[in-house]
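J.: Residue numbers (my numbering), protein chains in the order written: chain A, 1 to 143; chain B, 1001 to 1394.
Think of the CB as a built atom: it goes at the ideal place given N, C-alpha and C, for glycine as much as any other residue.
Below is a structure I'd like to ask you about.
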Amino acid sequence: MNSILEIQDEIVSEFEILGDDKESTIYFIMELGSGLESLPEVARIEDNIIKGCQSKVWLIAEEQDGKVHYMADSNTDITKGLISLLLRVLNNRVPEEILNAKLDFVERIGMGSIIGSQRSNGFASMIKQIKLFAIAIQSNQTV
Amino acid sequence: MLHQKVHGKPLVYFDNAATTQKPQSVLDALTGYYNNDNSNIHRGAHALADRATRYFEETRDTIKEFINAREAAEIIFTKGTTESINLVAATFGRKFIGKGDEIIISTMEHHANIVPWQMLCEEVGALLKIIPISESGEILYEEFENLLSPKTKLVSIVHASNTLGTINPVKRIIHAAHSLGAKVLLDGAQSTSHLEVDVQALDCDFLAFSAHKLYGPTGLGVLYGKREILEIMPPFLGGGEMIKEVTFEKSTYNEIPFKFEAGTPNIADVIAFKSSLDFINGLGKKVIKAHEDDLLAYANEKMSEIKGFIPVGTAAEKVSVLSFNINGMHPYDVGMMLDANGIAVRTGHHCTQPLMKRLGLEGTVRASFAVYNSKSEIDSMAESVAKIARIKNK
């Protein structure tokens, strides 16, 4: 598996190809969302909704061989694309790696201006929840 | 303002139900006030204060004419429609609505015409009754009549729905409410910019609206109330301007409208608002309505050709609001893709969550048209929506 830094560089170069074309960028983000591993229907419950997102985002995590495996879904295609970007970088890694990850691709691709301030807040909430799951799994591992 | 590019595309501004753009004359009036006339009003003993006061009160006179109130004293300046409604709830409501009394609103109300009444009901033990609506987004008038009773103290209803555009049969509602002794407040936030609103012909007891939806400045609203009701209502906020005499033992209150205008008012915006009303009067409501009706009909026709287009709110009488969804797509996504094409619309629940729940929707995309919009802009929107809709509706 490529490192967190390498995957972020990949993402940045993909967005660079799109340039300032906002329409193509949004189509691209939606397209990314369609590749998201589907979340079991039983997991689409209120308890799994990330607080602070305008649209509904369900996120669950479990430990698999010492690593954190995330699964997520959303009721909007753009948000699905956004969370798929995060999971592409952070999924199936050990908690320590997730917690230490510096997600500089967010700024490098100019995420704020692509998705606007309201969705940026939601995006920050997704990152926070991903890290909270990593903390929870890490603390279970050390018990 | 309107001649700019957004994301490299010409701006198409279809979010007029949220706020309208401002004519140059309004901007000039604002800067003109600060450049030449800035002064506190009503009590200054100098030329500037006198001039500012005169301009300020001229706006009140213009509003009086605009809604055909009997006198300018029936016009109260507030921060907006929301504050106007809250003022009525906090003063008329607390004094004249009590335990077991009933307030009627409709399913299509904006949160600003729901929450103040819920707060009042909780405080005084009154009950909130809701008029149901049809699938097309029209109130069920017979159901309203069934809800009306001698217990009804107030009917507070939206004149034109911000989400659906539906124009409610308010004259009939007011007549029926009055026959049982209930007062009626009209939420005119969406109607005053599109329709002739004549408070004497309608015979409403209160009318609330906001300047910024009428091509005017933000942070300014109006509450119209009949003199005989305003006079028996207690004051809203206490402070300067609203008093007749203050002693530490007791204060007496000023006459209307000043009784309800505590503190230094929003002088600059009030003065500039006159230019907004002059702009509307200059064009004429009939001309504005005809143009907007034409745009709405054209938008309906163009959008109906799109596979996957689902209109929301198909009442026979509407202001120029087109709410819709695209089959299989979330309204946020549609809105964001329209934005990428330079088209500004609103998406979400539009501060009408109970209405969304009734319609079984999470939200809608809302395009709302104003006098400066054109058919070619609607063509741009239809073209973009068609492209977006094809993603899920091949």
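For B:S1368, report the span of its beta strand (DSSP E) as first-last.
T.: Working through the second sequence from its first residue, we reach residue 1368 of chain B at position 368. Here the beta strand (DSSP E) through B:S1368 covers T1364 to S1368.
J.: Which residues mark the beginning and the end of the alpha helix (DSSP H) in which A:G81 is found?
T.: For the purposes of this step, residue 81 of chain A is identified with residue 81 of the first sequence, where counting begins at 1. Residues D77 to L90.
J.: Within 8 Å (strictly less), CB to CB, does B:G1008 reach chain A?
T.: Within the second sequence, numbered from 1, the residue matching residue 1008 of chain B stands at position 8. It does: the Cβ of B:G1008 has a partner Cβ on chain A nearer than 8 Å.
J.: Kindly identify the DSSP beta-bridge partner or partners of B:I1130.
T.: Translated into the one-based positions of the second sequence, residue 1130 of chain B becomes position 130. Answer is B:I1105, bridged to B:I1130.
J.: Using the beta-carbon count (16 or more within 10 Å), is B:V1371 buried or exposed?
T.: Along the second sequence, one-based indexing puts residue 1371 of chain B at 371. Looking at its Cβ environment, which holds 16 or more other Cβ atoms inside 10 Å, B:V1371 is buried.
J.: Suppose the cutoff is 7 Å on Cβ atoms and the five residues either side in sequence are ignored; what does the same chain contact list for A:G112 look like?
T.: Walking along the first sequence from the start, residue 112 of chain A turns up at place 112. So the qualifying residues of the chain are S120.
J.: Interface residues of chain A around B:H1110 at Cβ under 7 Å?
T.: Residue 1110 of chain B sits at position 110 when you count from the first residue of the second sequence. Near B:H1110 there are no residues of chain A at all, since even the closest Cβ is about 19 Å away, more than 7 Å.
J.: Could you please give the first and the last residue of the uninterrupted beta strand (DSSP E) stretch that includes B:A1208?
T.: Translated into positions along the second sequence, residue 1208 of chain B becomes position 208. Start and end: F1206 to S1210.
J.: For B:P1257, does the count of other Cβ atoms within 10 angstroms reach 16, so buried, or fall short, so exposed?
T.: Your numbering for residue 1257 of chain B matches position 257 in the second sequence. So B:P1257 ends up on the buried side.
J.: Thinking just about the alpha-carbon of each residue, which of B:L1295, B:P1354 and B:V1365 is nearest to the one in B:N1327?
T.: Translated into the one-based positions of the second sequence, residue 1327 of chain B becomes position 327. Closest option to B:N1327, Cα to Cα, is B:V1365.
J.: What residues in the stretch 1352-1373 of chain B bring their beta carbon closer than 8 Å to a beta carbon of chain A?
T.: Within the stretch 1352-1373 of chain B, the qualifying residues are E1362.
J.: Just to make sure I have the definition right: I need the residues of chain A whose C-beta is within less than 8 Å of the C-beta of B:A1340. Which are they?
T.: Stepping through the second sequence from its first residue, residue 1340 of chain B is reached at position 340. Within 8 Å Cβ-Cβ: K22, E23, T25 and I26.
J.: By the three-class DSSP mapping on this structure, what secondary structure does A:M71 have?
T.: Here residue 71 of chain A is taken as the residue at index 71 of the first sequence, counted from 1. Three-state result, A:M71: strand.
J.: List the residues of chain B that A:T76 touches, going by C-beta distances under 8 Å, in chain order.
T.: Residue mapping note: residue 76 of chain A aligns to position 76 of the first sequence, counting from 1. The contacting residues are H1330, Y1332 and D1333.
J.: What in chain B is Cβ-close to A:S55, meaning under 8 Å?
T.: Locating residue 55 of chain A in the first sequence gives position 55, where the first residue counts as 1. Neighbours of A:S55 on chain B, chain order: H1330 and Y1332.
J.: Among the candidates B:I1232, B:E1255, B:F1248 and B:E1249, whose CA atom is the shortest distance from the CA of B:M1242?
T.: Along the second sequence, read from residue 1 onward, the residue named residue 1242 of chain B stands at position 242. Nearest C-alpha to B:M1242: B:E1255.
J.: Among the residues of its own chain, which have a CB less than 6 Å from the CB of B:I1288, if the five just before and after it don't count?
T.: Here residue 1288 of chain B is taken as the residue at index 288 of the second sequence, counted from 1. Closer than 6 Å at the Cβ level, and outside the excluded window around B:I1288, lie V1371.
J.: Assign B:Y1298 to one of three DSSP states: helix, strand, or coil.
T.: Taking the second sequence and counting its residues from 1, the one referred to as residue 1298 of chain B is at position 298. The answer is helix: DSSP assigns B:Y1298 an H, G or I state.
J.: Give me the chain A residues within the contact set of B:M1336, using Cβ-Cβ distance strictly less than 7 Å, ordered along the chain.
T.: Numbered from its first residue, the second sequence carries residue 1336 of chain B at position 336. Those are I26 and I78, listed as they occur along chain A.
J.: For the beta strand (DSSP E) holding B:K958, just list the boundary residues, first then last.
T.: As shown, chain B starts at 1001 and ends at 1394. That puts residue 958 of chain B outside it, with no answer to give.
J.: Report all residues from its chain with a CB closer than 6 Å to the CB of B:S1251; omit the five preceding and five following residues, and keep chain order.
T.: Translated into positions along the second sequence, residue 1251 of chain B becomes position 251. Here the set comprises I1243.
J.: Answer yes or no: do B:A1073 and B:V1199 have a C-beta to C-beta separation smaller than 8 Å?
T.: Translated into the one-based positions of the second sequence, residue 1073 of chain B becomes position 73. Translated into the one-based positions of the second sequence, residue 1199 of chain B becomes position 199. No, the Cβ-Cβ distance between B:A1073 and B:V1199 is not below 8 Å.
J.: Please confirm whether A:L90 and A:A72 have their CB atoms less than 8 Å apart.
T.: For the purposes of this step, residue 90 of chain A is taken as the residue at position 90 of the first sequence. For the purposes of this step, residue 72 of chain A is taken as the residue at position 72 of the first sequence. Their beta carbons are not under 8 Å apart, which means A:L90 does not touch A:A72 by this criterion.
J.: Take the Cβ of A:R93 as the centre, count every other Cβ of all protein chains shown within 10 Å, and call the residue buried at 16 or more, exposed below.
T.: In the first sequence, counting from the first residue as 1, residue 93 of chain A sits at position 93. By the 10 Å Cβ count, A:R93 comes out buried.
J.: Going by beta carbon distance, what residues of the same chain come within less than 8 Å of A:S24, once the five residues before and after it are set aside?
T.: As a working mapping, residue 24 of chain A is identified with position 24 in the first sequence. Contacts found: L18.
J.: For chain C, check one thing: does any of its Cβ atoms lie closer than 8 Å to the Cβ of A:I60?
T.: The displayed structure is made up of protein chains A and B, and chain C is not among them.
J.: Check each candidate in A:S117, A:F123 and A:I115 and name the one with the smallest Cα separation from A:L103.
T.: Here residue 103 of chain A refers to the residue found at position 103 of the first sequence. Residue A:F123 is the option with its Cα nearest to A:L103.
J.: Any idea what DSSP makes of A:K51, helix, strand or coil?
T.: By one-based count along the first sequence, residue 51 of chain A stands at place 51. Correct three-state label for A:K51: coil.
J.: Are there 16 or more other CB atoms within 10 angstroms of the CB of B:S1380, so buried, or fewer, so exposed?
T.: Working through the second sequence from its first residue, we reach residue 1380 of chain B at position 380. Buried: at least 16 other Cβ atoms inside 10 Å.
J.: Among A:L36, A:I60 and A:E37, whose alpha-carbon lies nearest the alpha-carbon of A:E46?
T.: Here the question's residue 46 of chain A lines up with position 46 in the first sequence. If we check each option's Cα against that of A:E46, A:I60 comes out closest.
J.: Which full runs of the alpha helix (DSSP H) of 4+ residues lie inside the stretch 94-128 of chain A, going along the chain?
T.: Qualifying alpha helix (DSSP H) stretches, in chain order: 95-100 and 105-108.
J.: Counting along the chain, where does the beta strand (DSSP E) carrying B:F1324 start and finish?
T.: Position 324 of the second sequence, counted from the start, is the residue given in the question as residue 1324 of chain B. Start and end: V1321 to I1326.
J.: Span of the alpha helix (DSSP H) holding A:F15?
T.: Counting from 1 along the first sequence, the entry for residue 15 of chain A is found at position 15. Taken as a continuous stretch (DSSP letters only), the alpha helix (DSSP H) holding A:F15 covers I4 to L18.
J.: Less than 7 Å separating the Cβ of B:L1027 from some heavy atom of the ligand PLP?
T.: Among the components modelled here there is no ligand, and therefore nothing to report on the ligand PLP.
J.: Provide the residue span of the beta strand (DSSP E) that contains A:R44, from first to last.
T.: For the purposes of this step, residue 44 of chain A is taken as the residue at position 44 of the first sequence. Premise fails: A:R44 is in no beta strand (DSSP E) and is neither H nor E.
J.: For the stretch 1160-1225 of chain B, list the alpha helix (DSSP H) runs that are entirely contained and at least 4 residues long, ordered along the chain.
T.: Complete alpha helix (DSSP H) runs here, min 4: 1170-1179 and 1199-1202.
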